[in-house]
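A.B. asks:
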Amino acid sequence: MNYQFPDENGRFGQFGGKFVPETLMYALNELEISFQAAMTDNAFRLEYMKQLKEYSGRPTALTLAENVTKHFNGAKIYLKREDLNHTGAHKINNAIGQALLAKRMGKKKIIAETGAGQHGVAAATVAAKFGLECKVFMGEKDIERQALNVFRMKLLGAEVIAVSSGSKTLKDATNEAIRYWVTHVTDTFYLIGSVVGPHPYPQMVRDFQRVIGDEAKKQFEQFEGKLPDEIIACVGGGSNAMGIFYPFLDDAVSLIGVEAAGKGVETSLHAATLTKGSKGVIHGSLTYLLQTEDGQIIEPHSISAGLDYPGVGPEHAHLKDIGRVQYESVTDDEALEALQLLSRLEGIIPAIESAHALAHTFKRAQQLSSKQSILVCLSGRGDKDVHTLIDTIGGLTNG
1 MNYQFPDENG RFGQFGGKFV PETLMYALNE LEISFQAAMT DNAFRLEYMK
51 QLKEYSGRPT ALTLAENVTK HFNGAKIYLK REDLNHTGAH KINNAIGQAL
101 LAKRMGKKKI IAETGAGQHG VAAATVAAKF GLECKVFMGE KDIERQALNV
151 FRMKLLGAEV IAVSSGSKTL KDATNEAIRY WVTHVTDTFY LIGSVVGPHP
201 YPQMVRDFQR VIGDEAKKQF EQFEGKLPDE IIACVGGGSN AMGIFYPFLD
251 DAVSLIGVEA AGKGVETSLH AATLTKGSKG VIHGSLTYLL QTEDGQIIEP
301 HSISAGLDYP GVGPEHAHLK DIGRVQYESV TDDEALEALQ LLSRLEGIIP
351 AIESAHALAH TFKRAQQLSS KQSILVCLSG RGDKDVHTLI DTIGGLTNG
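Residue numbers are given in the UniProt record's numbering: position 30 of the sequence shown equals residue 30, and the series is strictly consecutive.
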């Protein structure tokens with residue numbers, strides 16, 4: 001493909017890189033060398049694809065949302081069903097890849113951070129599958145919001161470490177995971193869950209997640225005999241979006257990432273990093289983030305624990321600046337409305353993260369013609385969000 005990033009320094013244009021303590025440079029260099037060797041090793045790639053097929057259940061389905069399409073009487077809406085993966089989200093694709101890499105590197109222990117819990121469940125799952133010891137760092141606020149996933153992680157044998165600092169969410173869990181890794185780099189593999197962090201993590205997670213876009217491209221051509229007009233995905237850190245966007249970057253397809261606007265981008269209660277953020281360093285890479293003029297992190301807000309992050313993957317920052325991907329934002333209320341509509345018309349309860357992408361998809365479908373089509377990444381299922389939904393919309397549902 002013509003698009004060739006990151007460069008030899010781990011940069012996506014001016015973004016990315018390695019902004020870490022000197023004690024982590026050896027571990028990152030070791031990881032980069034091991035990752036590049038693994039991805040050119042046919043045996044590793046075959047084992048990765050075997051696990052995706054036989055353990056996770058890939059390829060995931062491509063579903064035409066017929067009832068929703070009729071409801072809006074506009075563009076056809078197709079769903080790439082990452083919710084059908086083992087563990088219920090796209091996170092397992094990357095977790096399997098990094099767990100295989102950890103074993104190849106001789107690491108016996110993995111650590112992970114999680115917000116919505118889906119990455120924590122995926123990390124705990126692959127740790128059990130491949131015989132690795134697992135610790136998952138999670139903010140106390142997210143532990144409360146995602147009690148079901150916390151129980152699942154413990155059932156799978158992982159130790160869940162509660163983080164009480166800062167906003168008690170994903171940012172703080174990531175801080176603690178990095179601190180732990182600094183002092184345990186010799187025997188511990190840090191399994192990062194999104195396209196964030198220092199090089200090579202953004203590239204590595206993207207390359208393990210590109211299976212979403214590779215599959216979708218083949219499936220869509222079989223359905224429609226052409227590529228979709230638009231592809232839409234939600235963006236927190238941005239791994240499901242990079243996974244589905246990446247194989248289409250050289251194609252004449254509009255790509256749209258959707259951030260969490262929370263209570264509205266005109267308020268201070270949002271997580272719209274690319275819409276309202278500025279350039280800075282967070283968790284080891286240069287990207288856009290929510291910060292004050294003094295460089296202090298502004299705590300983000302979203303009803304979705306998975307989108308409640310003040311930074312974004314550096315490749316998204318690059319794609320925004322070069323104009324290849326358009327980034328929009330959707331409020332909590334708009335996402336919840338979209339979630340209920342898909343549930344009632346298609347019998348599919350999406351994750352609140354995915355509902356942000358759906359809300360913008362529904363807007364666009366009404367603006368396009370019936371001859372056009374939209375592919376949306378349904379990144380996860382909504383089981384984990386039931387407690388949040390009961391608290392927010394429980395009184396509005398039928399019965």
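The C-beta atom is built at its ideal place from N, Cα and C for all residues, glycine as well.
Residues in its own chain within less than 7 Å of E82 by CB, not counting five upstream and five downstream?
C.D. replies: In the sequence shown, the residue the question calls residue 82 occupies position 82. Closer than 7 Å at the Cβ level, and outside the excluded window around E82, lie T60, A89, H90, I212, N240, C377, L378, S379, G380.
A.B. asks: Could you tell me whether the segment 306-319 touches the segment 254-271, where touching means 3 or more Cβ pairs closer than 8 Å?
C.D. replies: With a cut-off of 8 Å, the segment 254-271 and the segment 306-319 count as touching, because enough Cβ pairs lie within range.
A.B. asks: Pull up the distance between the alpha-carbon of G399 and that of T392, whole angstroms please.
C.D. replies: Counting from one through the sequence shown, the residue named residue 399 turns up at place 399. Counting from one through the sequence shown, the residue named residue 392 turns up at place 392. Caution is warranted here: a pLDDT of 43 is assigned to G399, below 50, making its placement in the model unreliable, and the coordinate value is therefore given only provisionally. Approximately 15 Å, taken between the alpha carbons.
A.B. asks: Let's test the definition: count the other Cβ atoms within 10 Å of the Cβ of L155 and tell me whether it reaches 16, buried, or not, exposed.
C.D. replies: Within the sequence shown, the letter at position 155 stands for residue 155. L155 comes out exposed.
A.B. asks: Below 8 Å on the Cβ atoms is my guess for G280 versus Q291; work out the distance and round it to an integer in Å.
C.D. replies: By one-based count along the sequence shown, residue 280 stands at place 280. By one-based count along the sequence shown, residue 291 stands at place 291. Right, their Cβ atoms sit about 5 Å apart.
A.B. asks: Just grab the DSSP bridge partners of S329 for me.
C.D. replies: Along the sequence shown, read from residue 1 onward, the residue named residue 329 stands at position 329. Answer by DSSP bridge pairing, in chain order: E259.
A.B. asks: Rounded to whole angstroms, what's the CA-CA distance from A271 to H356? Just pull it up for me.
C.D. replies: One-based indexing of the sequence shown puts residue 271 at position 271. One-based indexing of the sequence shown puts residue 356 at position 356. In a straight line, the C-alpha of A271 is about 12 Å away from that of H356.
A.B. asks: Give the C-beta separation of A305 and A116 to the nearest angstrom, bearing in mind that I take them to be a contact with Cβ-Cβ under 8 Å.
C.D. replies: Start at 1 with the first residue of the sequence shown, and residue 305 comes out as number 305. Start at 1 with the first residue of the sequence shown, and residue 116 comes out as number 116. The Cβ separation is near 4 Å, so the contact holds.
A.B. asks: Is there at least one Cβ from chain D nearer than 8 Å to I143's Cβ?
C.D. replies: In the displayed structure, chain D is absent; only one protein chain is listed.
A.B. asks: Ordered along the chain, which non-local residues of its own chain (more than five positions away) have a Cβ less than 7 Å from that of T397?
C.D. replies: Counting from one through the sequence shown, the residue named residue 397 turns up at place 397. At T397 the pLDDT is 49, less than 50, meaning the model places this residue with poor confidence and gives no usable figure here.
A.B. asks: What do you reckon, are the CB atoms on D229 and L62 nearer than 8 Å?
C.D. replies: As a position in the sequence shown, residue 229 is number 229, starting the count at 1. As a position in the sequence shown, residue 62 is number 62, starting the count at 1. Not a contact, by the Cβ cut-off of 8 Å.
A.B. asks: For K109 and G238, I'd like the C-alpha separation in whole angstroms.
C.D. replies: Numbered from 1 along the sequence shown, position 109 holds the residue referred to as residue 109. Numbered from 1 along the sequence shown, position 238 holds the residue referred to as residue 238. Whole-angstrom Cα-Cα distance: 26 Å.
A.B. asks: Tell me, please, whether the segment 182-190 touches the segment 94-114 by the rule of three or more beta-carbon pairs shorter than 8 Å.
C.D. replies: Contact holds: three or more Cβ-Cβ distances are below 8 Å.
A.B. asks: Along the chain, where does the beta strand (DSSP E) containing residue 400 start, and where does it finish?
C.D. replies: The structure shown does not extend to residue 400, since the chain is modelled only from 1 to 399, so the question has no answer here.
A.B. asks: With a Cβ-Cβ cutoff of 8 Å, do D207 and M1 count as a contact?
C.D. replies: Along the sequence shown, read from residue 1 onward, the residue named residue 207 stands at position 207. Along the sequence shown, read from residue 1 onward, the residue named residue 1 stands at position 1. Taking 8 Å as the Cβ cut-off, D207 and M1 do not qualify as a contacting pair.
A.B. asks: Expressed to the nearest angstrom, what Euclidean distance is found between the alpha-carbon atoms of Q36 and M204?
C.D. replies: Taking the sequence shown and counting its residues from 1, one reaches residue 36 at position 36. Taking the sequence shown and counting its residues from 1, one reaches residue 204 at position 204. So the alpha carbons of these two residues sit roughly 9 Å apart.
A.B. asks: Can you tell me which of the three DSSP states M204 falls into?
C.D. replies: Translated into the one-based positions of the sequence shown, residue 204 becomes position 204. If DSSP states are grouped into helix, strand and coil, M204 belongs with the helices.
A.B. asks: Are S194 and G120 close, meaning C-beta to C-beta below 8 Å?
C.D. replies: By 1-based counting over the sequence shown, the position of residue 194 is 194. By 1-based counting over the sequence shown, the position of residue 120 is 120. Cβ atoms of S194 and G120: not closer than 8 Å.
A.B. asks: Going by DSSP, what residues sit across from T287 in a beta bridge?
C.D. replies: Position 287 of the sequence shown holds residue 287. T287 pairs with G280.
A.B. asks: By the three-class DSSP mapping on this structure, what secondary structure does P350 have?
C.D. replies: Along the sequence shown, one-based indexing puts residue 350 at 350. It is a strand residue.
A.B. asks: Quick check on G399: does DSSP put it in helix, strand or coil?
C.D. replies: Along the sequence shown, one-based indexing puts residue 399 at 399. Residue placement at G399 is flagged as unreliable, the pLDDT there being 43, under the threshold of 50; the coordinate-derived value follows with that caveat. Note: G399 maps to coil in three-state DSSP.
A.B. asks: If I follow the unbroken alpha helix (DSSP H) through F245, where does it start and stop?
C.D. replies: Locating residue 245 in the sequence shown gives position 245, where the first residue counts as 1. Unbroken alpha helix (DSSP H) run through F245: 239-245.
A.B. asks: Whole alpha helix (DSSP H) runs in the segment 7-66 with 4 or more residues, listed along the chain?
C.D. replies: You should have 22-39, 42-51.
A.B. asks: Out of S373, L389, L28, T361, which one is the CA nearest neighbour of I192?
C.D. replies: Locating residue 192 in the sequence shown gives position 192, where the first residue counts as 1. Looking at the Cα atoms, L28 is the closest of the given residues.
A.B. asks: Hey, quick one: how far does the alpha helix (DSSP H) through L101 stretch, first residue to last?
C.D. replies: Residue mapping note: residue 101 aligns to position 101 of the sequence shown, counting from 1. 91-104 is the span of the alpha helix (DSSP H), which, as asked, contains L101.
A.B. asks: Could you tell me the alpha carbon to alpha carbon distance between L342 and M25, rounded to whole angstroms?
C.D. replies: The residue given as residue 342 occupies position 342 in the sequence shown. The residue given as residue 25 occupies position 25 in the sequence shown. C-alpha separation (whole angstroms): 46 Å.
A.B. asks: Can you check whether the CB of V330 is closer than 8 Å to the CB of H359?
C.D. replies: Position 359 of the sequence shown, counting from 1, holds the residue named residue 359. Position 330 of the sequence shown, counting from 1, holds the residue named residue 330. According to the sequence shown, residue 359 is Ala rather than His. Yes, Cβ-Cβ distance for A359 and V330 is below 8 Å.
A.B. asks: Determine the closest residue to Q51 out of Y327, F130, G347, with distance taken between C-alpha atoms.
C.D. replies: In the sequence shown, residue 51 corresponds to position 51, counting from 1. Closest by alpha carbon: F130.
A.B. asks: Looking at I303 and D332, is the spacing between their C-beta atoms short of 8 Å?
C.D. replies: In the sequence shown, the residue the question calls residue 332 occupies position 332. In the sequence shown, the residue the question calls residue 303 occupies position 303. Against a cut-off of 8 Å, the Cβ pair of I303 and D332 comes out as a contact.
A.B. asks: Expressed to the nearest angstrom, what Euclidean distance is found between the alpha-carbon atoms of K70 and Q372?
C.D. replies: Here the question's residue 70 lines up with position 70 in the sequence shown. Here the question's residue 372 lines up with position 372 in the sequence shown. The straight-line gap from Cα to Cα measures roughly 13 Å.
A.B. asks: Expressed to the nearest angstrom, what Euclidean distance is found between the alpha-carbon atoms of S268 and A102?
C.D. replies: Locating residue 268 in the sequence shown gives position 268, where the first residue counts as 1. Locating residue 102 in the sequence shown gives position 102, where the first residue counts as 1. The straight-line gap from Cα to Cα measures roughly 40 Å.
A.B. asks: Secondary structure at M1, three-state DSSP: helix, strand or coil?
C.D. replies: Looking up residue 1 in the sequence shown gives position 1. In the structure shown, M1 sits in coil (DSSP, three-state: anything other than H, G, I, E or B).
A.B. asks: DSSP beta-bridge partners for L79?
C.D. replies: Taking the first residue of the sequence shown as 1, we reach residue 79 at position 79. Its beta-bridge partners are T63, V376.
A.B. asks: Of all the options H86, R145, A338, F137, which has the alpha carbon lying nearest to the alpha carbon of A177?
C.D. replies: What you label residue 177 is simply residue 177 of the sequence shown in a count that begins at 1. Out of H86, R145, A338, F137, F137 has the C-alpha closest to the C-alpha of A177.
A.B. asks: Roughly how many whole angstroms lie between the Cα atoms of L170 and E346?
C.D. replies: Indexing the sequence shown from 1 puts residue 170 at position 170. Indexing the sequence shown from 1 puts residue 346 at position 346. So the alpha carbons of these two residues sit roughly 31 Å apart.
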